[in-house]
Amino acid sequence: MPTELAEPESVTPAAAEQAEAIKIPVDDGGWSSMSVKQRVRVLGRLRHVLAEQAERFVKPLRELPTRTHDAETLSAEVLPLAEACRWLEKDAPRLLRPEKLGGSGRPMWLWGVDSEVRREPVGNVLVIGPGNYPLFLPGVQVVQALAAGNRVWVKPSPAPGSREVILELAAALREVGLPEGVFNILGTDPAEAEAIFDTFDKVFLTGSEATGKAVQAKCAEHGIPCVMELSGCDAVFVLGGADVELAAKCVAFGLKLNGSATCIAPRRVLVHHALHDRFVTKLLTLLADAEPVACPPATLERVRGLVEQAVADGGQSRTDESLAGPAVRPVLLTDLSSNSPILDADIFAPVVSVLSVKDTADALEANACCGYRLGASVFGPESEARALAEELDVGCVVVNDVVVPTADPRLPFAGRGRSGFGATRGAAGLLEMTQVKAIAVRRRKLYPHLRPTDETTAPLLAGLLKLGHAEGISARVRAGMSLLRLSKRPKNAVAEVDQESTS
């Protein structure tokens, strides 16, 4: 669900008062100065709480209108967050430790210099959470930010249960040893986050494209870097050799999951023409018993307009759903024109469009009409499906499944195009929570750059350049020999040697 930032003039007195309180420096209890192992030991204890007291995190999310069963909350929010904590315990110390570069690959003219790369906390991180998965999506960003040594603020979505479940997360973290002041929770009023925007050193948003543009503008105003996980309109490719029943079952699952309020839910299915009719028939059967799901009025109005336009342009609605609301059942569209606006729309509603394609090239051409490049799924023989997966310009591709494998805590989640930039989750997401520092130490008393420049300097540098980078071993040997002779000859012979090494 979108998360909006208010205009500057909308800052309320209550939000301004809260901003003043937050701007007061807060001691982080030494959190940033702890070793990574100490920090992830605390975060590792969080997964025990998630496992043993799951009900405290499930209960607030029963208020979500898209959440039909506790099993969805456990499988899509609580379990993957616990897995993310365990992954951090194991891998964060390795990923965040200083990297000593050693001598291999060091330029010869920097002999005697030891270098290392360090990953340090960004500082104050703002996480703007969504309303569709209000525990898992911001929760992973929170624990990764904390593992890196940052202080974190979360602006929860106004969706029912969103702030309450983040409050439970904060309470659980305090219980397992997180110092006070390290994890802070804002209200759902966007003005509150906006009032203290210049407090933050980096912003992470999960939300719609429209919200992303507003947040990017705010970040640009203050010179704050950001990571944007934005809208999707994901494609599913069903190749000629695909298992039609499996593909239909997976698309039905993805469309119904969380009331279809999933950024990587299947929205466009590009099916090989020989399988099209069988696939549509099977999918219709699987969707027939789908429960109606609630849609916000604005979303419903937008979807209704897109569906009506698609049908007016020659498309067919293969279901009898009227989209009258407030709760709707899945809509399946076929026979769409390639430029139908619904094929390039970020909608959080149970609507899927099925297109018949001649071959892979035709499928890629049809897919190119969409500017959202968050994820995709490919069904077919593994070698053929892998080949297509490698060619797709999206952030993540699942072969012979949808959605679920992306919850692997080792995998990054990153959008492209209109779906955002930067990464969350996995090693790439953890490193986004850090800033890089390079340290180079001169260990030998060798400072050739401090010597006065004379007539030997340019020939020496030219010879060094050829020794390291000339094409072919013989050219590099000649350069080395000329450097050796140059070092033994008087200055008035330098030009002669330089001429020899050039010939």
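Every position in the sequence shown, counted from 1, becomes a number in the working numbering once 15 is added. Even glycine gets a Cβ: it sits at the ideal position worked out from N, Cα and C.
Quick test of the definition: if touching needs 3 or more C-beta pairs under 8 Å, does the stretch 319-327 touch the stretch 237-250?
Judged by Cβ distances under 8 Å, the stretch 319-327 makes no contact with the stretch 237-250, as fewer than three pairs qualify.
Out of 279, 141, 155, 115, state which residue places its alpha-carbon closest to the alpha-carbon of residue 234.
Minimum Cα distance to residue 234 is reached at 141.
May I ask you to report which of helix, strand or coil DSSP gives residue 488?
Residue 488 falls in the helix class under three-state DSSP.
Nearest-angstrom Cα separation, counted from residue 481 out to residue 498:
Here the C-alpha atom of residue 498 lies approximately 10 Å from the C-alpha atom of residue 481.
C-alpha gap between residue 231 and residue 387, whole angstroms
Taking the straight line from one Cα to the other gives about 17 Å.
Below 8 Å, how does it come out for the stretch 257-267 and the stretch 410-428: are there three or more Cβ pairs, yes or no?
Yes, the stretch 257-267 is in contact with the stretch 410-428.
When you compare the stretch 210-219 with the stretch 400-414, are there three or more beta-carbon pairs, one atom per stretch, that lie closer than 8 Å?
As far as the Cβ criterion goes, the stretch 210-219 does not touch the stretch 400-414, which means the pair count is below three.
Where in the stretch 95-138 do unbroken runs of the beta strand (DSSP E), each at least 3 residues long, occur, reported from the N-terminal end onward?
Counting only runs of at least 3 residues, the stretch 95-138 fully encloses the following beta strand (DSSP E) elements, listed from N- to C-terminal order: 128-136.
Report yes if the C-beta distance between residue 244 and residue 439 is below 7 Å; otherwise report no.
Cβ distance < 7 Å, so residue 244 and residue 439 count as in contact.
Residue 312: first and last residue of the uninterrupted alpha helix (DSSP H) it sits in:
Unbroken alpha helix (DSSP H) run through residue 312: 312-327.
From the DSSP output, in three-state form, read off residue 199 for me.
In the structure shown, residue 199 sits in a strand (DSSP, three-state: E or B).
Alpha-carbon to alpha-carbon, residue 315 and residue 339
Roughly 8 Å between the two C-alpha positions.
Considering only the beta carbon of each residue, do residue 194 and residue 46 sit closer than 7 Å?
In terms of Cβ geometry, residue 194 and residue 46 form a close pair [threshold 7 Å].
Measure from the alpha carbon of residue 69 to the alpha carbon of each residue in 471, 85, 246, then state which is nearest.
Per the C-alpha coordinates, the member of 471, 85, 246 positioned closest to residue 69 is 85.
Give the DSSP-derived three-state secondary structure of residue 63 in the structure shown.
Assignment of residue 63 by DSSP, reduced to helix, strand and coil, places it in the helix class.
According to DSSP, is residue 214 part of a helix, a strand, or is it coil?
Residue 214 falls in the helix class under three-state DSSP.
Given 8 Å, three or more beta-carbon pairs between the stretch 133-153 and the stretch 434-449
A contact exists between the stretch 133-153 and the stretch 434-449.
N- and C-terminal bounds of the beta strand (DSSP E) containing residue 244
Counting along the chain, the beta strand (DSSP E) containing residue 244 begins and ends at 241-244.
Once DSSP output is grouped into helix, strand and coil, what is the label at residue 513?
Only weak support exists for where residue 513 lies, its pLDDT of 49 falling under 50; the coordinates are left without a value.
Nearest-angstrom Cα distance between residue 60 and residue 91?
The straight-line gap from Cα to Cα measures roughly 20 Å.
Grab me the residues of residue 490's own chain with a C-beta within less than 8 Å of its C-beta, minus the 5 sequence neighbours each way, in chain order.
Answer for residue 490: 481, listed in chain order.
Go through its chain and collect everything with a Cβ distance to residue 200's Cβ below 8 Å, but skip five positions before and after it.
Close CB contacts of residue 200 within its chain, under the 8 Å cut and outside five residues either way in sequence, are with 168, 169, 171, 178, 181, 182, 185 (chain order).
Backbone secondary structure at residue 249 - three-state DSSP:
In the structure shown, residue 249 sits in a strand (DSSP, three-state: E or B).
Per DSSP, cross-strand counterpart(s) of residue 435
Secondary-structure assignment with DSSP links residue 435 through a beta bridge to 244.
Residue 296 lies in the alpha helix (DSSP H); which residues open and close that run?
Counted as a single uninterrupted DSSP element, the alpha helix (DSSP H) harbouring residue 296 occupies residues 291-302.
Among 331, 346, 329, 330, whose alpha-carbon lies nearest the alpha-carbon of residue 337?
Cα-wise, what sits closest to residue 337 is 346.
Runs of beta strand (DSSP E) lying entirely within the stretch 140-203, each at least 3 residues, in chain order
Segments of the beta strand (DSSP E) lying fully in the stretch 140-203: 166-170, 198-200.
Local conformation of residue 503 per DSSP, three classes:
It is helical.
Assuming residue 534 and residue 154 are in contact, meaning their beta carbons sit under 8 Å apart, how far apart are those beta carbons, in whole angstroms?
Lying outside 16 to 518, the shown extent of the chain, residue 534 is not represented and no answer is given.
Would DSSP call residue 498 helix, strand or coil?
Here residue 498 sits in helix by DSSP.
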